[in-house]
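**Student:** My questions all concern the structure below.
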Amino acid sequence: MVLDLILLRQFRGSLFNFFFVSLGVVDSNVEVLPDDLLREILDTEFSVEMQNHLVAPVTQKEIKGVLFFMNGNKAPGPDGFSAKLFQET
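This is the structure we're talking about:
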């Protein structure tokens with residue numbers, strides 16, 4: 001069960017990174033795969049509990065955990081503010 005949640009969080013992070021990086025990028029060489037073929041390739045079935053975890057609202061505790069995990073001295077984000085500003089507020 002704990003391993004499932006760890007794998008789920010890793011999958012969710014990878015999925016987020018994929019879409020964050022590729023958002024707005026159009027690649028004419030990419031072919032859309034049918035859902036059944038994609039499921040066969042991934043060979044992954046998520047339990048109802050895992051599915052619910054993927055669509056669960058993000059909590060303030062999770063946001064705070066990520067914010068304080070970040071190095072505050074790195075380059076600012078798209079809003080122009082570094083994580084340090086939010087960590088000290």
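In the numbering used here, the protein residues as written are 1 to 89.
Heads up, the beta-carbon is just placed ideally off N, CA and C, and yes, glycines get one too.
Keep in mind the model is a prediction, meaning the values are calculated, not measured.
1. Taking 6 Å as the limit between beta carbons, can you name the residues of its chain near LEU85, skipping five residues before and five after?
2. Pop quiz: ASP4 and MET70 are said to be a contact at Cβ under 8 Å. What is the actual Cβ separation, rounded to whole angstroms?
3. Is the CB-CB distance between ALA83 and LEU67 below 8 Å?
4. Using the Cα positions of ASP43 and PHE11, report the straight-line distance between them to the nearest angstrom.
5. Do you know whose CA, among GLN87, ASP79, ASN52 and PRO78, lies nearest GLY65's CA?
6. Within the continuous alpha helix (DSSP H) that includes PHE81, where are the two ends?
7. Hey, could you find the ends of the alpha helix (DSSP H) LYS64 is sitting in?
**Tutor:** Let's see:
1. Cβ-Cβ distances below 6 Å link LEU85 to nothing in the same chain once the five nearest sequence neighbours on each side are left out.
2. At roughly 26 Å, the Cβ-Cβ gap does not stay under 8 Å, so ASP4 and MET70 are not in contact.
3. In this structure, the beta-carbon distance from ALA83 to LEU67 falls below 8 Å.
4. Spanning the two alpha carbons is a distance of roughly 14 Å.
5. The closest CA to that of GLY65, considering only GLN87, ASP79, ASN52 and PRO78, is found on GLN87.
6. Where PHE81 is concerned, there is no enclosing alpha helix (DSSP H), given that its DSSP letter is neither H nor E.
7. It spans 60-69 - the alpha helix (DSSP H) in which LYS64 sits, taken as one unbroken run.
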